[in-house]
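Chemist: First the structure, then my questions, so here it is.
Protein chains in written order, with the numbering used here: chain A, 1 to 113; chain B, 1001 to 1299.
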């Protein structure tokens, strides 16, 4: 096999690897199952936090809100709510929703376990 | 290698490369998945997520938002999922109030007009309009961030479609702030149900069932109604609307032999006592428990 053919052969392997990676990462990526909430994408986390805020607005039960937000990770609940609030502000959530998240964040910041 | 074998070595190289590429893409160990969707959550977390959707709906009455959120779970039949979760919660002795929250959402979904678009599609279908970014154009958002570029929504990214160049772009503000639907009126308000028919049946395939069918004043099935069955030393709560394949107004309960039950509904305003599973005889001469059929209707 000549050097030219070896070069083309290696080039074709690289091209094939590129195609394979594109297929495996873009066209048919690995689908995760049985994940935990802390791996949710930021918008879903923000929406979950908003749900907690909606319920909190009615119940005024900080401990229940803390327990629910704990699903989203080991960070302090106030930090989780604050991140959701920041996300909501940056992404044009309705003022009423931002207010809900703000109320929740404030309540969590002054909450003493 | 013979140089006169032709270009097959190129194909060989390509196939080899494709195999290596896919192997790397699918086989590369990842410490932890990131940026997942609610659809991939473990079932217990999904239950919690679904419960929070129902709880938020119970507060806001925003059915459109609740349905859009349910759609992120990518389940073929969200109502059935709500029903199954309610049954699990009942089996785990969760409070009736928590179960009722799920039942109310299930009822609202089933009782909405058929013309209302239902976001059942999940990740592979066009996304429903999600009123999360329902900023009114007449209101100035209290934010200093520049207005996001309008981009096309995708199903899996209801709130923030994720193209590759920006981490969290958002949907453009919706043209009106009135998209949030009002709470859907249930089909079964008001008057207590009255018994219109009581009968027994012998079906060896379904022995010992108390089958209850509820209809509202219009003769339509009434989902989401709480039924309380009591017997000496016990009490169970169950709901209509969780066996949609039979009827949205249907519910059943398994009766034990020789025990007298009482069924109450409409918050105790309607009560049927003396319910004992009848005895039937099979073709082989063996006895089995028959079923009781109760039909209720609102006047």
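No residue lacks a Cβ here, since even glycine has one placed at the ideal position from N, Cα and C.
1. Could you work out which residues of chain B lie near residue 73 (chain A), taking near to mean beta carbons separated by less than 7 Å?
2. Report the residue from B:1077, B:1020 and B:1037 whose alpha carbon sits nearest the alpha carbon of residue 1245 (chain B).
3. Would you call the region 1096–1106 of chain B and the region 1066–1086 of chain B touching, i.e. three or more CB-CB distances under 8 Å?
4. Around the Cβ of residue 1064 (chain B), are there at least 16 other Cβ atoms within 10 angstroms (buried) or fewer (exposed)?
5. Measuring straight from C-alpha to C-alpha, what distance separates residue 1058 (chain B) and residue 1112 (chain B)?
6. For residue 34 (chain A) and residue 48 (chain A), I'd like the C-alpha separation in whole angstroms.
7. So the alpha helix (DSSP H) residue 30 (chain A) belongs to, where does it begin and stop?
8. Does the contact criterion of 3 or more C-beta pairs under 8 Å hold for the region 1265–1283 of chain B versus the region 1222–1233 of chain B?
9. Under 8 Å between C-beta atoms, does residue 178 (chain A) make it to chain B?
10. Relative to the C-alpha of residue 41 (chain A), which candidate in B:1036, B:1235, B:1250 and B:1268 has its C-alpha closest?
11. DSSP three-state label for residue 1252 (chain B), please.
12. Compare the C-alpha of residue 105 (chain A) against each of A:92, A:54 and A:94 and name the closest.
13. Are the region 1017–1027 of chain B and the region 13–31 of chain A touching by the rule of at least three beta carbon pairs closer than 8 Å?
14. Could you tell me the alpha carbon to alpha carbon distance between residue 108 (chain A) and residue 1040 (chain B), rounded to whole angstroms?
15. When the Cα of residue 1290 (chain B) is compared with those of B:1053, B:1256, B:1110 and B:1009, which residue comes out closest?
16. At a Cβ threshold of 8 Å, is residue 1036 (chain B) touching chain A?
17. With the cut-off set at 8 Å, would you say residue 103 (chain A) and residue 57 (chain A) are in Cβ contact?
18. If you compare alpha carbons, which of B:1090, B:1046, B:1205 and B:1241 is closest to residue 1283 (chain B)?
19. Give the straight-line distance between the Cα atoms of residue 1207 (chain B) and residue 1254 (chain B), rounded to the nearest whole angstrom.
20. Compare the beta carbon distance of residue 50 (chain A) and residue 101 (chain A) with 8 Å and say whether it is the shorter of the two.
21. How would you label residue 84 (chain A), buried or exposed, when you count the other beta carbons within 10 angstroms and need 16 or more for buried?
22. For residue 110 (chain A) and chain B, any beta-carbon pair shorter than 8 Å?
23. Tell whether a beta-carbon distance below 8 Å holds between residue 1221 (chain B) and residue 1192 (chain B).
24. Work out the CA separation of residue 1211 (chain B) and residue 1237 (chain B) for me, nearest whole Å.
25. When burial is assigned at 16 or more other CB atoms within 10 Å of the CB, is residue 1028 (chain B) buried or exposed?
26. Name, going along the chain, the residues of the region 36–65 of chain A whose beta-carbon falls closer than 8 Å to a beta-carbon of chain B.
27. 8 Å is my cut-off, CB to CB: does residue 1086 (chain B) come that close to chain A?
28. Which residue wins for smallest C-alpha separation from residue 1234 (chain B), given the options B:1213, B:1252, B:1261 and B:1251?
29. With 16 other CB atoms within 10 Å as the buried threshold, where does residue 27 (chain A) fall?
Modeler: The relevant details are as follows:
1. Result: empty, since nearest Cβ-Cβ is about 12 Å, beyond 7 Å.
2. B:1077
3. yes
4. buried
5. 16 Å
6. 18 Å
7. Here residue 30 (chain A) belongs to no alpha helix (DSSP H), and DSSP marks it neither H nor E.
8. yes
9. Limits of chain A in this structure are 1 at one end and 113 at the other, which puts residue 178 (chain A) out of reach.
10. B:1036
11. strand
12. A:54
13. yes
14. 29 Å
15. B:1256
16. yes
17. yes
18. B:1205
19. 8 Å
20. yes
21. buried
22. no
23. no
24. 14 Å
25. exposed
26. 36, 37, 39, 40, 41, 42, 43, 44, 46, 47, 48, 50, 51, 52, 54, 55, 57 and 58
27. no
28. B:1261
29. exposed
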